[in-house]
Ligand SMILES: [Fe+2]
Ligand SMILES: [Fe+2]
């Protein structure tokens, strides 16, 4: 199939745009988290933003490689999630967007790409979907901890670690101020299953 007439070309442009939006929004959320004193949460969002921009690059490169010099404006006609970046709501909203990318959007794009004969592009959609599933799990976990005020406490004794100086301590609650570097609680690393 002629790539320039394919739905895969449009889907790549849609996916690229979605990844850029996710990347931008995660940077906004990271800034908000820093402002709110959640420095380690901010670090996690910065990493997510970096991941999304890497995905954007993969899709962009497929476009460049396959269009054979025929790249012009691509009409993508698609809807994208726009939500605020307050931590209260944005972590949950972000998790929802990741779930929809991993379970619906990218698997559907992969199928179209495979049907149209673009196996390599289909593989990329599937691989990105797997990462978005990890993002979904991580964000769901952070959201649950945040909503239940359990970011820095645990039912059992666990090991807490300062993301600034590396100080570690085992207890049910994380310190308010790190006894080694004096950085605030927001620098304590979260105990996530999917890290
Ligand atoms: Fe992504
Ligand atoms: Fe993601």
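Residue numbers (this note's numbering): 767 to 961. We treat Cβ as the ideally placed atom computed from N, Cα and C, and that holds for glycine.
_Three-state secondary structure assigned by DSSP to residue 770_ = Numbered from 1 along the chain shown, position 4 holds the residue referred to as residue 770. In this structure, residue 770 counts as helix in the three-state DSSP scheme.
Can you tell me which residues form a DSSP beta bridge with residue 786? Reading the chain shown from its first residue, position 20 is the one you call residue 786. The partner list for residue 786 (beta bridge, DSSP) is empty, contrary to what the question assumes.
Review point. Could you check where the alpha helix (DSSP H) with residue 817 kicks off and where it finishes?
Key: Here residue 817 corresponds to residue number 51 of the chain shown, with the count starting at 1. Segment 805 to 833, the alpha helix (DSSP H) holding residue 817.
Cα-Cα separation between residue 894 and residue 888, rounded to whole angstroms:
In the chain shown, the residue the question calls residue 894 occupies position 128. In the chain shown, the residue the question calls residue 888 occupies position 122. Roughly 10 Å between the two C-alpha positions.
Next on the checklist: What I want to know is whether the C-beta of residue 897 ends up closer than 7 Å to one or more non-hydrogen atoms of ligand 2.
Outcome noted: Indexing the chain shown from 1 puts residue 897 at position 131. Residue 897 Cβ: within cutoff of ligand 2.
Q | residue 817 CB to nearest heavy atom of ligand 2 below 7 Å | A | If you number the chain shown from 1, residue 817 lands on position 51. Correct: residue 817 has its Cβ closer than 7 Å to ligand 2.
**Q.** Beta-carbon proximity check, residue 819 vs residue 789, cutoff 8 Å
**A.** Within the chain shown, numbered from 1, the residue matching residue 819 stands at position 53. Within the chain shown, numbered from 1, the residue matching residue 789 stands at position 23. Taking 8 Å as the Cβ cut-off, residue 819 and residue 789 qualify as a contacting pair.
Does the Cβ-Cβ distance between residue 782 and residue 799 come in under 8 Å? Locating residue 782 in the chain shown gives position 16, counting from the first residue. Locating residue 799 in the chain shown gives position 33, counting from the first residue. No.
**Message:** With DSSP as the reference, identify every bridge partner of residue 950, one or two as the case may be.
**Reply:** Against the chain shown, residue 950 aligns to sequence position 184. 943, per the DSSP bridge assignment.
With a cut-off of 8 Å, do at least 3 Cβ pairs link the stretch 847 to 855 to the stretch 868 to 888?
no
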